[in-house]
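Notes for the one structure printed next.
Numbering (mature numbering (1 follows the signal peptide of the UniProt record, and there is no 0)), first residue to last: -37 to -1, 1 to 864.
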């Protein structure tokens, strides 16, 4: 059935016709002519060998032979065996196997085979129609080789006897054309043409019969066709002459018609035939039977020979056969018979569901495809006819697709607008096909379409902008923040990589401060941040996908550095002089309580609570005399100054922040109590005049003692050196004298050896102790220890032979030891000499004051003596301990003395 060719209102069925207007009728005829004109027609003889040439399909399609395979040309047909194939080499249409026209089309003329050729690359379809031409390859055939015919002997001349007719599967001139009867004086042959064009032979009585003479007549009937050569077949006829029966059966109707639906159950009685015979006895008993029925009728229907009822043996199918025409005869026992035609019409029932046959489809389509892109090609079919076979095809209206009618019952599925994969990534398109039967039957077919992604969306950050905080002094490599960008695309188009925009901060690239993981978007600190240098960083994070071309987006990220308490308060005033001296603040003796003496000014490089400073008085030479403002740092007098208060007051002020943990710094203030600057200078000069005579004498004794000890050590070293030179000179004389002295015993020497010298030195070990806490110095001379002073008389009295070589080695060894001892003594003497010069210089200039402890620069002698007290000089050989003068905090006061070196 053709679909969509009848002009009608949308949604109406073909059974509900509307009278077309002339313009619509013209368009309909033009469209119908265009569809038919698109068909390609060929003709081919049946029974050709496999691979026989049918037509040059490539030429007729306007293609080269090789283009058939390149463009994916193929034959599509519905529900039948492929009879033809495409030869991709020659571009021709060939047979797949031998074609039997009679099996394919039976008696239909012309015998046409229709199919379609689909070109895949552009989804174009072409109709092909091939006519199968009949050849004379079938003989006329009688159903039975021999048939018996009965006739009464009293039958009148001209009586006609129906004979079985022959069937020829061929058509046209190759079909059955005529019959021939063997010569006989009693019978002749006549042919009668039926409404269906079939030739029916009849035996005509030409001369009366006489059963007593001839009881049976044997005839030969020959059927001939019109082919070249002529084919024929024969059937033997035996005519039995019966006794007289003067009444023949008679049907009530010459033709019986009945119409039944195709879905009636098997065994249903369709109709009952009625025939009568006025004869009695056996001549009046009627028997019903099919006459000249074919195999299809005998398999489909059953005739009750006694009752004349026609029943169904199998289901009827309108699509297979729309009607059945048969002949039924009623014969009595006297061989008289009557015939009647029976026409059974099968009514169509809407029992076939429409079919959707998907011919070609695209599994995926790019989301940027233009409107009108072909998605699929399919055909629809309904096995019913009439209104039951009329089909309406539709898809949901809310989809961006439409159906477009093609040739025959083919449809194209096309896009109507641009697709968006991010909105809908795939479609499951429902194609609904419904017929116009009552009730209507429908079917649904699904076409799944995947929308292929293109890179049309840049990565998107969910937050904008980003900001985060990090504590200063952070560990290197710590994770700061994780940023994430989403890309609605898929595959590589959705794979996001992160990077930082190139920029600088204070002339330094931002890449030296932070880095970002290109895959995860985690931001790392490459260095430890210092709030005092970097308070915040402005970054731009870029997210790029891997599409072609890649798309990107960026976002602002601000990194705030949080302060930590990592800076000690810095005191701006009073500033510490570079030469190490301490500034002096003035306070008049007439100052009232609350008098502002000075102000400690400090700053903290931290911020917030870490920079809140508070001031405290840690130490004061006169407690309770001064007070410090907690938040201002102002040093004020806490009470009135008294005469007993010292001229110079020392204050230690601590400045502390409020961080966790708190950090602090201290400053020492020197406050001079005087009414004016000249008074301060006069008071400082008067400090040198009064001296404690006892302390001065003790200092003088100490200086003389140190100088004496130094001179004794220097003299001892000179004497020891002279003795050593003398001994060396004597050993050289002995060596020059030869070996005469080898056996001579050594005389008792008056010189004490090295062991003796060591013992002697140990007995004269001096210990000098200078204490800083007392006003006097002590020099301790321990009693000598004579245990190891001299060698025992027993050892000295022994005389042993001496070897010069051994003595020389011993002498050389002793020489080295004595040289080392000499330099040690020299260094020790030099140290005491330097100390002597320093003390002498201090005594000379009046700076050595053991009583008051105040020097001209504010550094007391107690500090200088404390330095010496830390130095314990041991003159025991061979080790010599020198005190680390350069490490003492008051050594700078000694270095400033011009007489130090």
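For glycine and all other residues, C-beta sits at the position ideal for the given N, C-alpha and C.
Predicted, not measured: the structure shown is a model, and the values here were computed from it.
**Request:** Mind checking which residues open and close the alpha helix (DSSP H) that includes residue 68?
**Result:** Start and end: 64 to 68.
**Request:** Figure out for me which residue from 301, 355, 604, 155 has the closest Cα to the Cα of residue 213.
**Result:** Residue 301 is the option with its Cα nearest to residue 213.
**Request:** Please look up how many angstroms separate the CB atoms of residue 320 and residue 342, rounded, as I've assumed it's under 8 Å.
**Result:** Confirmed, about 5 Å.
**Prompt:** Got a sec, what are the start and stop residues for the beta strand (DSSP E) residue 260 sits in?
**Reply:** Premise fails: residue 260 lies in the alpha helix (DSSP H), 258 to 263, not in any beta strand (DSSP E).
**Request:** Between the Cα of residue 68 and those of 34, 268, 283, spot the shortest distance and give me the residue it belongs to.
**Result:** It is 283 whose Cα lies nearest to the Cα of residue 68.
**Item:** Which listed residue (297, 172, 82, 390) has its alpha carbon closest to that of residue 361
**Value:** Looking at the Cα atoms, 390 is the closest of the given residues.
**Item:** Residue range of the alpha helix (DSSP H) that includes residue 508
**Value:** Run containing residue 508: none in the alpha helix (DSSP H); it sits in the beta strand (DSSP E), 499 to 508.
**Asked** Among all the DSSP beta bridges, which residues are the ones paired with residue 472?
**Response** Paired residues: 467.
**Message:** With a threshold of 7 Å on Cβ separation, who are the neighbours of residue 378 within its own chain once the five nearest residues in sequence on each side are excluded?
**Reply:** Excluding positions up to five away in sequence, the list reads 332, 334, 335, 336, 338, 363, 364.
**Message:** List, from N- to C-terminal side, the beta strand (DSSP E) runs of 3 residues or more that fit wholly inside the region 335 to 363.
**Reply:** Listed in chain order, they are 337 to 344, 354 to 357.
**Message:** Helix, strand or coil, according to DSSP, for residue 454 in the structure here?
**Reply:** Residue 454 falls in the helix class under three-state DSSP.
**Item:** Secondary structure of residue 272, DSSP reduced to three states
**Value:** Residue 272: strand per DSSP, three-state reduction.
**Asked** In the DSSP assignment, what are the bridge partners of residue 168?
**Response** DSSP lists 150 as partners of residue 168.
**Prompt:** Enumerated in chain order, which unbroken segments of the alpha helix (DSSP H) with a length of 4 residues or greater are wholly contained in the region 41 to 128?
**Reply:** DSSP runs (the alpha helix (DSSP H)) wholly in the region 41 to 128: 64 to 68.
**Message:** For a minimum of 3 consecutive residues, which ranges assigned as the beta strand (DSSP E) are wholly contained in the region 366 to 454?
**Reply:** Taken in chain order, the complete beta strand (DSSP E) segments of 3 or more residues contained in the region 366 to 454 are 373 to 378, 389 to 398, 405 to 415, 429 to 434, 442 to 445.
**Item:** Option nearest residue 323 by Cα separation, candidates 523, 413, 188, 376
**Value:** Out of 523, 413, 188, 376, 376 has the C-alpha closest to the C-alpha of residue 323.
**Asked** By a C-beta neighbour count over all protein chains shown, 10 Å radius and 16 as the cutoff for buried, is residue 873 buried or exposed?
**Response** Nothing about residue 873 can be reported from this structure: the residues present for the chain run from -37 to 864 only.
**Asked** When the Cα atoms are used, what is the spatial distance from residue 673 to residue 687?
**Response** Straight-line Cα distance between these residues: approximately 21 Å.
**Message:** Does residue 586 come out as helix, strand or coil in the three-state DSSP assignment?
**Reply:** The three-state reading of DSSP puts residue 586 in coil, since its state is none of H, G, I, E or B.
**Asked** Who does residue 201 pair with in a DSSP beta bridge?
**Response** For residue 201, which the question treats as bridged, DSSP gives the partners 111, 181.
**Request:** Using three-state DSSP, classify residue 299 as helix, strand or coil.
**Result:** Reduced to three states, the DSSP call for residue 299 is coil.
**Request:** Return the first residue and the last residue of the beta strand (DSSP E) that residue 232 is part of.
**Result:** Residue range 232 to 235 is occupied by the beta strand (DSSP E) that includes residue 232.
**Item:** residue 9 vs residue 63 beta-carbon contact at 8 Å
**Value:** Inclusion of residue 9 and residue 63 in the CB contact set at 8 Å is warranted, their separation being smaller than that value.
**Item:** residue 145 (DSSP reduced to helix, strand or coil)
**Value:** Note: residue 145 maps to coil in three-state DSSP.
**Request:** Say whether the region 464 to 482 touches the region 425 to 436, bearing in mind that this needs 3 or more beta-carbon pairs closer than 8 Å, one atom from each stretch.
**Result:** No, the region 464 to 482 is not in contact with the region 425 to 436.
**Message:** So for residue 558, helix, strand or coil by DSSP?
**Reply:** Of the three classes helix, strand and coil, the one that applies to residue 558 here is coil, per DSSP.
**Message:** Mapping the DSSP letters down to three states, classify residue 488 as helix, strand or coil.
**Reply:** In the structure shown, residue 488 sits in a strand (DSSP, three-state: E or B).
**Request:** Assign residue 175 to one of three DSSP states: helix, strand, or coil.
**Result:** Residue 175 falls in the coil class under three-state DSSP.
**Message:** Given this structure, state the Cα-to-Cα distance separating residue 838 from residue 573, to the nearest angstrom.
**Reply:** Confidence at residue 838 is low in this model, with a pLDDT of 32, below 50, so its placement is unreliable and the value that follows should be read with caution. Rounded to the nearest angstrom, the two C-alpha atoms are 55 Å apart.
**Request:** Can you say whether residue 523 is buried or exposed, counting buried as having 16 or more other CB atoms within 10 angstroms of its CB?
**Result:** Looking at its Cβ environment, which holds fewer than 16 other Cβ atoms inside 10 Å, residue 523 is exposed.
**Request:** Could you tell me the distance, in whole angstroms, from the CA atom of residue 626 to the CA atom of residue 581?
**Result:** The straight-line gap separating the alpha-carbon atoms of residue 626 and residue 581 is approximately 15 Å.
**Asked** Is DSSP giving residue 579 helix, strand or coil here?
**Response** Residue 579 falls in the strand class under three-state DSSP.
**Item:** Span of the beta strand (DSSP E) around residue 37
**Value:** For residue 37, the enclosing beta strand (DSSP E) starts and ends at 36 to 39.
**Message:** Strictly by DSSP, which residues pair up with residue 162?
**Reply:** Beta-bridge partners of residue 162 (DSSP): 156.
**Prompt:** Which stretch, first to last residue, makes up the alpha helix (DSSP H) that contains residue 518?
**Reply:** For residue 518, no alpha helix (DSSP H) segment is defined; the enclosing uninterrupted segment is the beta strand (DSSP E) at 515 to 525.
**Item:** Identity of the residues DSSP links to residue 4 by a beta bridge
**Value:** Residue pairing by DSSP places residue 4 opposite 92 in a beta bridge.
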